[in-house]
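Here the structure comes first, spelled out in structure tokens, and everything after it is commentary.
In this note's numbering, the protein residues as written are 5 to 326.
Structure below.
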């Protein structure tokens, strides 16, 4: 029986990955930012991922076969929070420093643990030196981060590369494009659209305001993407892989599927206000050919199926609450 440690197990990807690995008879350790959750685990002692000694102790005692570093400090394009010094420190603590502790612990304990780091398509930015971004993006596309979050993901990627190339640690990176599920937090656009549409249908809301109807997004279904993570860690050699759908759809496309499924015309209820955006998003679309060649992975859920599944899940949730 294999043992896996999931860092950031309370998040969307962490919960989905937990369910996937549990179905495959893994022993699991769920690690939050400040604690270990015990659900059929083999280790229940609290651990702070920002404490080098605590992480070292955890890896030395457990010696997991796989470590999924999914913990991340996010910032939405509609987030009004400024990128101040406090935000900078918290972002690098979670996205980089905690990762460094696990990489160092693997090296020092010689545990042989394989590590997966969840990077982001934001590492590519929206344009490079004023020129349109190379489309589609591949693993060798130049990085051009445009936010502290993106800079931290570039740093984490390079850190994995350093430990892989210099120290022989199995440290793979997944460059993840937008991937949705019913577990998304309310601050994410997909969640806002689905919940607002249902509230509008029920007469509890009149309007939905979005930042940019024409924004193109490479959207995928999160359960498909955690499957890709698992496949990456079961390869013989560590590497870096884009995990994406390879297709883009506009925010208007998303609205059309949701509202039409409810028998509504989204144009009647949705207003565009670009002033609510704190940064502009360029079109990013990933080429997952390298991942497909290495593992055989392809997205199993279409854009339309994904959106309808999000809607069904939210309908069930609202019905249960009522």
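Ideal Cβ positions, reconstructed from N, Cα and C, are used throughout, including at glycine.
Review point. Quick check: the segment 207-225 against the segment 255-265, are there 3 or more CB pairs under 8 Å?
Key: Counting Cβ pairs under 8 Å, three or more are found: they touch.
Practice item. Measure the beta-carbon distance from residue 110 to residue 75 and round it to whole angstroms, keeping in mind my assumption that it falls under 8 Å. Key: Not confirmed; about 16 Å, so no contact.
Practice item. Use the C-beta contact count for residue 297: other C-beta atoms within 10 angstroms, 16 or more gives buried, fewer gives exposed. Key: Counting the other Cβ atoms within 10 Å of the Cβ of residue 297 gives fewer than 16, which makes it exposed.
Review point. Considering residue 59, what are the terminal residues of the alpha helix (DSSP H) in which it resides?
Key: Where residue 59 is concerned, the enclosing alpha helix (DSSP H) starts and stops at 56-66.
Check your understanding: Between residue 22 and chain B, is there a C-beta pair that is closer than 9 Å?
Key -> Chain labels in this structure do not include chain B; a single protein chain is all it has.
Exercise for review: Spell out the partners DSSP gives residue 123 in its beta bridges.
Suggested key: Residue 123 is bridged to 179.
Point to revise | residue 72: first and last residue of the uninterrupted alpha helix (DSSP H) it sits in | key: Following the DSSP letters along the chain, one finds residue 72 in no alpha helix (DSSP H) but inside the beta strand (DSSP E) bounded by residues 70-73.
Point to revise | beta strand (DSSP E) segments (min. 3 residues) lying fully within the segment 192-241 | key: Positions of the beta strand (DSSP E) runs, each at least 3 residues long and wholly inside the segment 192-241, are given as 212-214 in order along the chain.
Point to revise | Beta-carbon proximity check, residue 177 vs residue 245, cutoff 9 Å | key: Yes. Within cutoff.
Point to revise | Alpha-carbon to alpha-carbon, residue 275 and residue 200 | key: Those two C-alpha atoms are separated by around 12 Å.
**Study point:** Classification of residue 118 by the beta-carbon crowding that lies within 10 angstroms, buried from 16 upward
**Key:** By the 16-neighbour rule on beta-carbons within 10 angstroms, residue 118 is buried.
Check your understanding: Using a Cβ-Cβ cut-off of 8 Å (strictly less than) and excluding sequence neighbours within five positions of residue 254, which residues of its own chain qualify?
Key -> Within the same chain, residue 254 has close Cβ partners 217, 218, 219, 220, 221.
Check your understanding: So does residue 174 have its beta carbon nearer than 8 Å to some heavy atom of the ligand SAM?
Key -> Among the ligands in the structure shown, none appear at all, so the ligand SAM cannot be discussed.
Exercise for review: Could you pull out every unbroken alpha helix (DSSP H) segment of at least 4 residues lying fully inside the segment 96-170, listed in chain order?
Suggested key: Given a length threshold of 4 residues, each whole run of the alpha helix (DSSP H) inside the segment 96-170 is given here in chain order: 102-113.
Practice item. Output the boundary residues of the beta strand (DSSP E) element that contains residue 305. Key: No residue range can be given for residue 305, since it is assigned to no beta strand (DSSP E) and is classified by DSSP as neither H nor E.
**Study point:** In DSSP terms, what residue 246 is bridged to
**Key:** In DSSP, residue 246 forms a bridge with 179.
Exercise for review: Alpha carbon to alpha carbon, how far is residue 313 from residue 319? Give it in angstroms, no decimals.
Suggested key: Rounded to whole angstroms, residue 319 to residue 313 spans 10 Å at the Cα level.
Review point. Which of the three DSSP states, helix, strand or coil, is assigned to residue 39?
Key: Model confidence at residue 39 stands at a pLDDT of 47, short of 50, so the residue's coordinates are unreliable and nothing is read from them.
**Study point:** Identified DSSP bridge partners for residue 274
**Key:** 212, per the DSSP bridge assignment.
Exercise for review: For the segment 188-196 and the segment 20-39, state whether three or more C-beta atom pairs, one from each stretch, are separated by less than 8 Å.
Suggested key: Taking a cut-off of 8 Å on C-beta distances, the segment 188-196 does not touch the segment 20-39, as fewer than three cross pairs fall below it.
Review point. CA-CA distance, residue 125 and residue 289?
Key: Between residue 125 and residue 289, the C-alpha separation is close to 9 Å.
**Study point:** Rounded straight-line distance, which links the Cα of residue 229 to that of residue 248
**Key:** Each residue's CA atom was taken as its position, placing residue 248 and residue 229 some 8 Å apart.
Practice item. Spell out the partners DSSP gives residue 323 in its beta bridges. Key: Answer is none; residue 323 lacks a bridge partner.
Review point. Near residue 137, what residues of its chain come up, given a Cβ to Cβ distance below 8 Å and the 5 sequence neighbours on each side ignored?
Key: The beta carbon of residue 137 lies closer than 8 Å to those of 128, 129, 130, 131, 145, 148, 286, 287, 288 in the same chain, with the five residues before and after it left out.
Exercise for review: Go to residue 76, then tell me how far its alpha helix (DSSP H) extends in each direction, as first and last residue.
Suggested key: No alpha helix (DSSP H) holds residue 76; DSSP gives it neither H nor E.
Review point. From which residue to which residue does the beta strand (DSSP E) around residue 298 run?
Key: According to the DSSP assignment, residue 298 belongs to no beta strand (DSSP E) but to the alpha helix (DSSP H) extending over 293-299.
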